[in-house]
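J.: Please find one structure pasted underneath; my questions will follow.
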Amino acid sequence: MTSTNSTASMGLIGVGTMGAALALNIAEKGHDIALYNLQSETIDALIARAGELAPRLSKADTVEALVNSMPTPRAIILLVPAGAPVDASIDALVPLLEPGDTIIDGGNSDFRDTQDRTKRVEAAGLRFLGVGISGGEYGARHGPSMMIGGTPSAYAPIQPVMESIAAKYEGSPCAAHLGAGGAGHFTKTVHNGIEYADMQIIAELYGMLRDGEGQKPAEIAPLFRSWNAGRLKSYLVEIVGDILDAVDPETGKPVLDIIVDRAGQKGTGRWTIIEAVRLGQSASILEAAVGARVLSSEIKTRGVASEILEGGTLPVGTISRDDLEAAFFGARILAYAQGFRILRAADQEYDWGLDYVRIAEIWREGCIIRSALLDDIATAFQNDLPRGKLVLAPEISALVNPTIPALRRVVAHAVMAGLPVPALSSALSWFDETRQARGTADILQGMRDYFGRHGFERVDKEGTGFHGPWAG
Ligand code: 6PG
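Numbering (our numbering), first residue to last: 499 to 970.
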């Protein structure tokens, strides 16, 4: 099929790994799709391996040919790298499209860019959707979780396609229109912030067993596999079992032993904590995860430091596996709680009207952080949360409270043994700060007033701007 005789109403620009997988998913659900990629050979290769889906895929050699090949109204998905390539694609499309056509950015864009692009594209008389798509290549091919932002009228014509390609949880599509402009991309960003935290917690538990007890990856694998059969059931725990067991075919060593301990990051985790701070929220567990990736990249410094800085460690015994499991579960709950607080603060700021039940529901399948816990979180949001705080919901506090003694023992053990547990310890500190009815900010206020006469509130009087009895 050539671009000129395509009957596609869907189009896709950016046929990389994710784009190719999503195109096959769309085709499989019975929709024709026109494709454009800078390197057109990737489309030829995709069509060649598409089998019975090939007739639904058509190749366009230029953006103009892509647009001309599609009947109106058109919906063109961009799956190009975030940043300038998205703007370049929009610039190329806008003069070619007609009112009623929609540009859909399916990449991991910064929600601020999405807010601006929405205005820009709408000012040109067109429609724009910013869609956070989670699930990696497998998800894109077989059903991702999709967080959609934009106007309801832009989403309406696309909704059947999106719902058909989305992952399903007990038959319900994991795709939801969450609000205007950047609502979808913001939610995806926070999803990734939680993803970073959950991954970091896993890395810390792995480190406690590898460095604390000298266990080999394959010896640790059964523990993660057993966890995946219980309340920690989740995609990330599942894949960790496979990763721990994998052997490098070249050397015969565990794959983990040949991977350099330097983590990449494309920005979404960092954006989550930047936005959290802007919104006046503490996202300490997520920040710990981003910070750990940053430090991981300083390999030379860590090598030198390992010779200069002494651990001052204290002897510890073997850590209980049940404690590790409970600590993981507790810290996971607290990381989700921080993520949802960021969403809530952003919702108040941008007036998106986010539906937290739907967000928890569409994260139950397809996405990277899918886990059994999300069902409990969805239930907690269904039953009005006290003050909107996830950890205070009876369903959630009943889950987290019993894990805390174990979380304390695990963090204490790691601290004594000199094993870094930034996410686990941040989770515990955040929990303790949150439950402290009278905190220690009285002395912060005292110091601020002492050196700068900034004033404070009194516990026994109404009003602000009181000062202490210090000179000056
Ligand atoms: C997803 C993932 C995905 C992300 C990768 C890598 O939900 O499918 O979040 O969107 O790109 O996880 O992210 P980093 O490179 O930042 O680790």
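Heads up, the beta-carbon is just placed ideally off N, CA and C, and yes, glycines get one too. As the structure is a computational prediction, the values presented were derived from the model and not from experiment.
Within its chain, find whatever has a CB closer than 7 Å to the CB of G517; leave out the 5 residues flanking it on each side and keep chain order.
T.: Hits under 7 Å: L510 and L577.
J.: H988 and T616: beta carbons closer than 7 Å?
T.: Residue 988 falls outside the range modelled here, since the chain spans only 499 to 970, and no answer is possible.
J.: Who pairs with P486 in a beta bridge, going by DSSP?
T.: This structure does not reach residue 486, given that the chain is present from 499 up to 970, and the question cannot be answered.
J.: Under a three-way DSSP split, which group does I646 fall into?
T.: In this structure, I646 counts as strand in the three-state DSSP scheme.
J.: Rounded C-beta distance between I840 and V688? I'm assuming under 8 Å.
T.: The pair is a contact, with the Cβ atoms about 5 Å apart (cut-off 8 Å).
J.: Assuming R760 is part of the alpha helix (DSSP H), what are its boundary residues?
T.: Per DSSP, R760 belongs to no alpha helix (DSSP H) and is neither H nor E.
J.: If T901 and G828 are in contact, beta carbons under 8 Å, what's the gap, nearest whole angstrom?
T.: With a Cβ gap of about 3 Å, T901 and G828 count as contacting.
J.: Given that a residue counts as buried once 16 or more other Cβ atoms are within 10 Å of its Cβ, and exposed if not, what is P715?
T.: Looking at its Cβ environment, which holds 16 or more other Cβ atoms inside 10 Å, P715 is buried.
J.: Under 6 Å: does the beta carbon of G581 sit that close to some heavy atom of ligand 1?
T.: Not under cutoff, so the answer is no.
J.: How would you call N899, buried or exposed, if buried means at least 16 neighbouring beta carbons within 10 angstroms?
T.: Classification for N899: exposed.
J.: Since T600 and A580 are thought to touch, with beta carbons under 8 Å apart, how far apart are those beta carbons, to the nearest angstrom?
T.: Actually they are not in contact, since the Cβ atoms of T600 and A580 sit about 19 Å apart, beyond 8 Å.
J.: From E748 to A925, what distance separates their C-alpha atoms?
T.: Cα to Cα, the separation comes out at about 39 Å.
J.: Looking only at C-alpha atoms, which of A652, I541, I692 and I602 sits nearest to A786?
T.: If we check each option's Cα against that of A786, I692 comes out closest.
J.: Can the beta-carbon of V889 be found closer than 7 Å to that of A825?
T.: It is not a contact, given that the beta carbons lie outside the stated cut-off.
J.: In angstroms, rounded to a whole number, what distance separates the CA positions of A727 and H911?
T.: Distance between the alpha carbons of A727 and H911 is about 26 Å.
J.: With respect to 6 Å, is the separation between the Cβ of L866 and the closest non-hydrogen atom of ligand 1 below this value?
T.: In the sequence on display, residue 866 carries Ile and not Leu. Yes, the beta carbon of I866 sits closer than 6 Å to at least one heavy atom of ligand 1.
J.: To the nearest angstrom, how far is the alpha carbon of T877 from that of V855?
T.: Roughly 7 Å between the two C-alpha positions.
J.: Given N606, which residues of its chain have a CB within under 6 Å of its CB, disregarding the five upstream and five downstream residues?
T.: Contacts found: A580 and T766.
J.: Is A673 near A681, with beta carbons less than 7 Å apart?
T.: No. Outside cutoff.
J.: For a quick check, are the C-beta atoms of G476 and T685 less than 7 Å apart?
T.: A question about residue 476 goes unanswered here, because the residues of the chain that appear run from 499 up to 970.
J.: Roughly how many angstroms lie between the CA atoms of R760 and S795, to the nearest whole one?
T.: About 5 Å.
J.: Report buried or exposed for L807, applying the criterion of at least 16 other Cβ atoms within 10 angstroms of its Cβ.
T.: Flag for L807 reads exposed.
J.: Whole alpha helix (DSSP H) runs in the segment 699 to 745 with 4 or more residues, listed along the chain?
T.: Whole alpha helix (DSSP H) segments, 4+ residues: 715 to 725 and 733 to 743.
J.: Should S643 and S651 be called a contact, given that it needs their Cβ atoms to be closer than 7 Å?
T.: For S643 and S651, no; Cβs fall outside 7 Å.
J.: What are the partner residues of P752, as DSSP defines its beta bridges?
T.: The partner list for P752 (beta bridge, DSSP) reads V745.
J.: Tell me the DSSP bridge mates of L576?
T.: Paired residue(s): I511 and D603.
J.: Could you tell me which of A678, S732, D530 and A552 sits nearest to D849, measuring between CA atoms?
T.: It is A678.
J.: Does the beta carbon of E635 fall short of 6 Å from some heavy atom of ligand 1?
T.: Answer for E635: no, Cβ out of range of ligand 1.
J.: List the endpoints of the continuous beta strand (DSSP E) containing K959.
T.: Looking at the DSSP string, K959 is not in any beta strand (DSSP E), and its letter there is neither H nor E.
J.: Buried or exposed for G961, please, with buried defined as at least 16 other CB atoms from any protein chain shown within 10 angstroms of its CB.
T.: So G961 ends up on the exposed side.
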